[in-house]
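Numbering-wise, UniProt numbering puts 17 at position 17 of the sequence shown, and it's gapless, one number per residue.
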Amino acid sequence: MITLHHAPQSRSFRILWFLHEAGLAHHVTYHSFGGKGLRDPAFLALSPAGRVPVVEVDDQVLFESAAILEYLVETRAPALGRAAGHSERGQYLEWLHYGETIAQHLAQLTFHHIVLRREDRSPVVQRLEALRLRRTLEGIEAALGDQDYILHGGFSAADVMIGSSTDLARRFVPLTGLPRVQAWHQRLTARPAYQAALAADGPAELYLHDTYGDARG
Ligand SMILES: N[C@@H](CCC(=O)N[C@@H](CS)C(=O)NCC(=O)O)C(=O)O
């Protein structure tokens, strides 16, 4: 049995969604960003920086979402990846890790719209990070071309990685002017596995509004 340490509306959704895509039996241990839970010594023993996701699998503990996805693809769901030697291997790895390029801006925007006290928030950071986040989505728009998914060969864990971050990005930047990203995002969120993961995400505690800042128009 795979155990996923998860917090709602966070990067661990990537793993939750993937587990449903791959049809892998799993147990979810829910954590909260409130309180000291993620800094508890017992949790720090699993995740050195006190972050989610963490996965317990095959008698090991794994952290870092892209590494976890790679491991699960390699050991249990090869059809959702591109193995070494595959013509799309390089692109697969690029987009798998691009999720963190998107997420770094999401983290800044989350701090400056939600987490920090109002007087500590920076409108400059809010504006700059929204522009930089938008730029990451423009990169996906250009790469999608006429494809249904980010790789020509079809749906993969790379779509899960960048799709999850794009889903959160909509809260800070509108997807207007990005028609391929919009269609791809709709395609992803209509997938039964995405919907099943959403139902298991747990109660929202971070993003209580649909949109913040620029995305409010
Ligand atoms: N690169 C890591 C980042 C993990 C990460 O920062 N997770 C956030 C949630 S999205 C977290 O656990 N934050 C808790 C904290 O900063 O205390 C990954 O992709 O797994």
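A virtual CB, placed ideally from N, CA and C, is assigned to each residue, including glycine. Note that the coordinates shown come from a computational prediction; the quantities given were computed from them, not determined experimentally.
Beta-carbon gap between residue 205 and residue 35 smaller than 8 angstroms: No, the Cβ-Cβ distance between residue 205 and residue 35 is not below 8 angstroms.
Minimum length 3: unbroken beta strand (DSSP E) runs contained in the UniProt domain "GST N-terminal" (1-80): Under the rule that a run must span 3 or more residues, the beta strand (DSSP E) segments found entirely inside the UniProt domain "GST N-terminal" (1-80) read 2-6, 26-30, 54-57 and 60-63.
According to the Cβ coordinates, are residue 137 and residue 168 closer than 8 angstroms? no
What did DSSP end up calling residue 165 once you bin it into helix, strand or coil? In this structure, residue 165 counts as helix in the three-state DSSP scheme.
May I ask you to check if the CB of residue 74 is nearer than 7 angstroms to at least one heavy atom of ligand 1? no
Please indicate yes or no: does the CB of residue 218 lie closer than 7 angstroms to some heavy atom of ligand 1? Given that the chain is displayed from residue 1 to residue 217, the structure contains no residue 218 and the question cannot be resolved.
Using a Cβ-Cβ cutoff of less than 6 angstroms, which residues in the same chain neighbour residue 140 once the five nearest sequence positions on both sides are dropped? 181
Cα separation between residue 88 and residue 120? 44 angstroms
Just how far apart, CA to CA, sit residue 26 and residue 124? 42 angstroms
Here's the rule I'm using: 16 or more other beta-carbon atoms within 10 Å means buried, otherwise exposed. How should residue 164 be labelled? buried
Quick check: the stretch 104-119 against the stretch 147-154, are at least 3 beta-carbon pairs closer than 8 angstroms? no
Under 8 angstroms between C-beta atoms of residue 130 and residue 173: yes
Taking 7 angstroms as the cut-off, is the beta-carbon of residue 7 closer than that to any non-hydrogen atom of ligand 1? yes
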